[in-house]
Amino acid sequence: MMRALYTAGSGMKAQQFNVDVISNNLANVNTTGYKKERAEFKDLLYQTMDRAYVLNDAGKPVNLQVGHGTVVSSTVRNFENGTPEQTSSNLDFAIDGEGFFTIMGPQGNVQYTRDGSFKLSITEDGMKKLTTSDGYAVLDNSGEEILFDPEVNISELSVSPRGEMSYKDAEGVSVPMDQTIGMVIFPNKYALEAVGNNLYSRNSATGEPVQVSEDENAKSIMKQGFLESSNVQVVDEMVKLIVAQRAYEVSSKAIQSSDDMLQIANNLRR
Numbered sequence: 307m308m309r310a311l312y313t314a315g316s317g318m319k320a321q322q323f324n325v326d327v328i329s330n331n332l333a334n335v336n337t338t339g340y341k342k343e344r345a346e347f348k349d350l351l352y353q354t355m356d357r358a359y360v361l362n363d364a365g366k367p368v369n370l371q372v373g374h375g376t377v378v379s380s381t382v383r384n385f386e387n388g389t390p391e392q393t394s395s396n397l398d399f400a401i402d403g404e405g406f407f408t409i410m411g412p413q414g415n416v417q418y419t420r421d422g423s424f425k426l427s428i429t430e431d432g433m434k435k436l437t438t439s440d441g442y443a444v445l446d447n448s449g450e451e452i453l454f455d456p457e458v459n460i461s462e463l464s465v466s467p468r469g470e471m472s473y474k475d476a477e478g479v480s481v482p483m484d485q486t487i488g489m490v491i492f493p494n495k496y497a498l499e500a501v502g503n504n505l506y507s508r509n510s511a512t513g514e515p516v517q518v519s520e521d522e523n524a525k526s527i528m529k530q531g532f533l534e535s536s537n538v539q540v541v542d543e544m545v546k547l548i549v550a551q552r553a554y555e556v557s558s559k560a561i562q563s564s565d566d567m568l569q570i571a572n573n574l575r576r
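Heads up: the sequence shown runs through residues 307 to 576, numbered per this note's numbering.
Written as structure tokens, this is what we have:
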């Protein structure tokens, strides 16, 4: 009887984690470039009480087994593109495809983001630097910070779908800046680790990042004047939340039923 208590308890624990993941998705429904997650589960160890066998054309065709519940095995991020929303800023960028912007993180390490809501920061020598909303430097395809000379009119900044930057001078002539906003793709983007602030870090499972500007077959482009919305669908998440709540409730009922049965068994000798 005790097996049922532990099994149902594992179900409650797993569904609690599932609700945590769903809640995080709902909390980030308005976060620029956020990618929703889902929890994945696997069953635990099985106890085999009797095995199937065949001997002399006779025997038992099925096993007698009982499981010990479930456990969360992983969380998988859905990198499906969100809806691009047009803005009034030419420093806003959305990526159509699988690419990521490259950012110099807070610890001096390169990190990645889908949030293209960029800003300008003034350096000590008076130059303008392209940064994220948190002040982290946006990098070009060479891993260098993107700096603008004082004569560059930011309102006339133009960025191609591949990230090449140019601006129009006082005479309306397009002047290339010889810098390209860094945009990379990964062999296994699903292994990227979310570190907060809309940033991701790579690891050995992601593979080496590849610059989109150097890959003719890369299916990622930048859209200037757009921001990518979250890909969270509120209705879908609410349905998942209700299912998780009901599963949690059923597991708790199983524990109560097991406890009642144990109480009946304990009262037999009275």
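We put the beta carbon where it would ideally sit given N, CA and C, even for glycine.
How should G405 be labelled, buried or exposed, when 16 other C-beta atoms within 10 angstroms of its C-beta is the threshold for buried? Flag for G405 reads buried.
Taking only runs of the beta strand (DSSP E) that begin and end inside the region 430 to 518, which ones reach a length of at least 3 residues, in chain order? Within the region 430 to 518, the runs of beta strand (DSSP E) at least 3 residues long that lie entirely inside it are, in chain order, 434 to 437, 463 to 465, 470 to 474, 480 to 486, 489 to 491, 499 to 502 and 505 to 507.
Check V540 in the structure and name its three-state DSSP category. In the three-state DSSP reduction, V540 falls in the helix class (H, G or I).
Inter-residue spacing [alpha-carbon to alpha-carbon] between K342 and R383: Approximately 6 Å, taken between the alpha carbons.
Can you have a look at N447 and say buried or exposed, based on whether 16 or more other CB atoms are within 10 angstroms of its CB? Classification for N447: buried.
In terms of DSSP beta bridges, what is L361 paired with? For L361, which the question treats as bridged, DSSP gives the partners A364.
Taking 8 Å as the threshold, find out whether the region 370 to 389 comes into contact with the region 339 to 353 through three or more Cβ pairs. Enough Cβ pairs lie closer than 8 Å, so yes.
Short of 7 Å in beta carbon distance, which residues of its chain neighbour S439, apart from the five on each side in sequence? Order them along the chain. Result list for S439: S423 and K425, in chain order.
Best match in S394, K434, T486 and Q569 for proximity to L533 [C-alpha to C-alpha]: When only C-alpha atoms are compared, the closest one is S394.
Where does E555 sit, in a helix, a strand or coil, going by DSSP? In the three-state reduction of the DSSP assignment, E555 falls in the helix class.
Suppose the cutoff is 6 Å on Cβ atoms and the five residues either side in sequence are ignored; what does the same chain contact list for S316 look like? Spatial neighbours of S316 in its own chain (CB-CB distance under 6 Å, excluding positions within 5 residues in sequence) are listed in chain order as G375 and T376.
Measuring CA to CA, which of K546, P456, I452 and N503 is closest to K435? The shortest Cα separation from K435 among K546, P456, I452 and N503 belongs to I452.
Going by the beta-carbon positions, is the gap between A333 and V378 smaller than 8 Å? Not closer than 8 Å, so no.
Classify R309 as buried or exposed, calling it buried when 16 or more other Cβ atoms lie within 10 Å of its own Cβ. That one is exposed.
Decide yes or no for the touch test of the region 552 to 566 against the region 359 to 370: beta carbon pairs closer than 8 Å, at least 3 of them. Because the criterion of three Cβ pairs below 8 Å is not met, the region 552 to 566 and the region 359 to 370 do not touch.
Limits of the unbroken alpha helix (DSSP H) element including Y312: Per DSSP, Y312 belongs to the alpha helix (DSSP H) from M308 to A333.
R383 lies in the beta strand (DSSP E); which residues open and close that run? Segment T376 to R383, the beta strand (DSSP E) holding R383.
What is the rounded straight-line gap between the Cα of V501 and the Cα of S507? V501 and S507: Cα-Cα distance of roughly 7 Å.
Mind checking which residues open and close the beta strand (DSSP E) that includes Q392? Where Q392 is concerned, the enclosing beta strand (DSSP E) stretches over P390 to Q392.
Quick one: what does DSSP say L533 is sitting in, helix, strand or coil? In the structure shown, L533 sits in a strand (DSSP, three-state: E or B).
Would A358 and M410 be called neighbours here (beta carbons separated by less than 8 Å)? Cβ distance not < 8 Å, so A358 and M410 don't count as in contact.
I'd like to know whether the C-beta of I561 is nearer than 8 Å to at least one C-beta of chain D. The structure shown has no chain D; it contains just one protein chain.
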